[in-house]
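Chemist: Residue numbers (this note's numbering): 211 to 330. Here a beta-carbon is modelled for each residue, glycine too, at the ideal position from N, C-alpha and C. Pasting a structure here, questions to come.
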């Protein structure tokens, strides 16, 4: 989790995305303790409230849960939940637009599939 924060999007969203990436890469495993808000704040030189906001996004999504007095932990099945969400976002953000653009310039789905297969 030694990534660099950018100005492109809110820091708390980047914190949530970094934790998700660590879960997808098996750096953070299911039922394992997630970094605390203070650890994140120190690591990235940010306000602990900002780090907490990023953690809370993942709690709201059901990716992390709190063990009272111990910290935040990765939910069992978190990796699959993140994958499903990312696949849905990929479809919405890329595939739908690709199909729309292809259709607007007269490329059939079959031609599009052939173009994709050509890249193998």
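Rounded C-beta distance between residue 285 and residue 272? I'm assuming under 8 Å.
Modeler: 6 Å
Chemist: Can you determine whether any heavy atom of the ligand ADP sits closer than 7 Å to the C-beta of residue 245, and answer yes or no?
Modeler: Absent from the structure shown: the ligand ADP. Ligands present: none.
Chemist: Which first and last residues belong to the beta strand (DSSP E) in which residue 274 is found?
Modeler: 274-277
Chemist: Sorted by chain position, which residues of the same chain lie with C-beta nearer than 8 Å to residue 229's C-beta, five sequence neighbours on each side aside?
Modeler: 211, 238, 244, 245, 264, 265, 268, 273 and 274
Chemist: Please classify residue 282 as buried or exposed, where buried requires at least 16 other C-beta atoms within 10 Å of its C-beta.
Modeler: buried
Chemist: Go ahead and pull the three-state DSSP assignment for residue 171.
Modeler: Given a span of 211 to 330 for the chain in the structure shown, any question on residue 171 remains unanswerable.
Chemist: Should residue 261 go down as buried or exposed, given a rule of 16 or more other Cβ atoms within 10 Å for buried?
Modeler: buried
Chemist: Which term fits residue 301, buried or exposed, when burial requires 16 or more other beta carbons within 10 angstroms of its beta carbon?
Modeler: exposed
Chemist: Look at residue 240 and residue 319 and say whether their C-beta atoms are less than 8 Å apart.
Modeler: Cβ distance not < 8 Å, so residue 240 and residue 319 don't count as in contact.
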